[in-house]
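Shown next, in structure tokens, is the structure this report addresses.
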Amino acid sequence: MAHNFTGKVALITGAARGIGAGVARAYVEAGGKVALLGLEPELLKELTAELSGVSAEAAAWWEADVRSGAAVTKAVDAAAAHFGRIDHVLANAGIASYGTVRQIDEASFERVVDININGVYRTLHATIPHLAKTNGYALVVASLASFTPLAGLASYNASKAGAESLALAARQEVSFLGIDVGVCHPSWIDTDIVRGAEADLPTFRKIRKRLPYPANSTTTLEECVDEILTGFEKRKKRVYIPKGVVLANITKPLVNSAALWPVLKRLSASQAKSLEDDVARLGRFQHAHVPLTDPHAEDNSPTP
67 MAHNFTGKVA LITGAARGIG AGVARAYVEA GGKVALLGLE PELLKELTAE LSGVSAEAAA
127 WWEADVRSGA AVTKAVDAAA AHFGRIDHVL ANAGIASYGT VRQIDEASFE RVVDININGV
187 YRTLHATIPH LAKTNGYALV VASLASFTPL AGLASYNASK AGAESLALAA RQEVSFLGID
247 VGVCHPSWID TDIVRGAEAD LPTFRKIRKR LPYPANSTTT LEECVDEILT GFEKRKKRVY
307 IPKGVVLANI TKPLVNSAAL WPVLKRLSAS QAKSLEDDVA RLGRFQHAHV PLTDPHAEDN
367 SPTP
């Protein structure tokens, strides 16, 4: 689908790779400019150079950890000053951790929640004053996991459900400012985080194959990016990727009902321990591409 963002500026967190980098490339191709925020300076620098080759001064980057409100606000204000405006925000920074509630250590669990929920708050908090000047639009990247709890991914599920709720409340709060807030719900997208999980956890691969559509499928990055850009243009309240994810939202009460609990119980009973064994053998709670800025995170490892 053709998009046109001429004269517009998007600020993207988690921009170094995956969905963030894909959206940045497509936004610039469509005539816009991008402010790239993230934790991998070399990748951000390379992406900025690539995008500047497409269109002069189309991109600039700032290293910022969404776990620091001061760092996010400083980067956002600098980006607004650099480009003169912010029209779109993609609150995309997010991570997943492996391990059941009884297995995962406190620091790893808290890190997921801090990035995936508090990081969204910090991003919105810092960008709302700038979006108010342009009657802008913010899209919060939640997940299919906002609707479908899955054993072994409690930290991710909890954080993405929280990110959805945060976005829905923020939408109400800023509507009088002329700002719209949408929620994006990707299923499994062909990115490092999904490929890493499937490579790290054999049980995860088996579970995925047994889940109903769309949880048993993988969507291309290109399709994901196109849906997000359409969300920007139409200021969508919900962006489902693929569109079938809407079924998970509609059926959420049934999935979490007493009627389906026996089925979920049988499924989890046969797989929870296998997931724990996979994580114990792996020796880490994060996939390999997660930048570890927490000085304590590297000291935490699963015990058998």
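Quick note on my numbering: the sequence shown kicks off at 67 and runs consecutively.
Every residue gets a Cβ at the ideal spot worked out from N, C-alpha and C, and that includes glycine.
None of these values were measured; they are calculated from a predicted model.
With distances taken between CB atoms, is the gap from residue 201 to residue 78 smaller than 7 Å? Contact flag unset, no.
Expected contact under 8 Å - CB spacing of residue 287 and residue 317 to nearest Å: In this structure residue 287 does not touch residue 317 by the C-beta definition: roughly 26 Å separates them, more than the 8 Å allowed.
Would you call the segment 246-254 and the segment 300-311 in contact, with 3 or more CB pairs under 8 Å? Flag = yes, the segment 246-254 and the segment 300-311 touch.
Would you verify that the beta carbon of residue 209 is, or is not, closer than 7 Å to some beta carbon of chain B? No chain B is present in this structure, which holds just one protein chain.
Residues sharing a beta bridge with residue 128, DSSP: Paired residues: 103.
Beta strand (DSSP E) segments (min. 3 residues) lying fully within the segment 205-274: When DSSP assignments are scanned along the segment 205-274, the uninterrupted stretches of beta strand (DSSP E) that are 3 or more residues long and fall wholly within it turn out to be 246-252.
Quick one: any contact between the segment 194-209 and the segment 145-157, if contact means 3 or more CB pairs under 8 Å? With a cut-off of 8 Å, the segment 145-157 and the segment 194-209 count as touching, because enough Cβ pairs lie within range.
On the DSSP bridge assignment, give the partners of residue 163 in chain order. Bridge partners of residue 163: 352.
Do residue 141 and residue 102 have their CB atoms nearer than 7 Å? For residue 141 and residue 102, no; Cβs fall outside 7 Å.
The segment 133-153 / the segment 114-121 touching (three or more Cβ pairs under 8 Å): They do not touch, by the three-pair rule.
With which residues is residue 191 paired in a DSSP beta bridge? Beta-bridge pairing links residue 191 to no other residue.
Assuming residue 181 and residue 132 are in contact, meaning their beta carbons sit under 8 Å apart, how far apart are those beta carbons, in whole angstroms? Residue 132 and residue 181 do touch by the CB rule: their CB atoms are close to 6 Å apart, below 8 Å.
Can you give me the C-alpha to C-alpha distance between residue 192 and residue 226, rounded to a whole angstrom? Their Cα atoms are separated by approximately 20 Å.
Below 8 Å, can you find three or more Cβ-Cβ pairs linking the segment 261-271 to the segment 239-246? Under the Cβ criterion (8 Å, minimum of three pairs), the segment 261-271 does not count as touching the segment 239-246.
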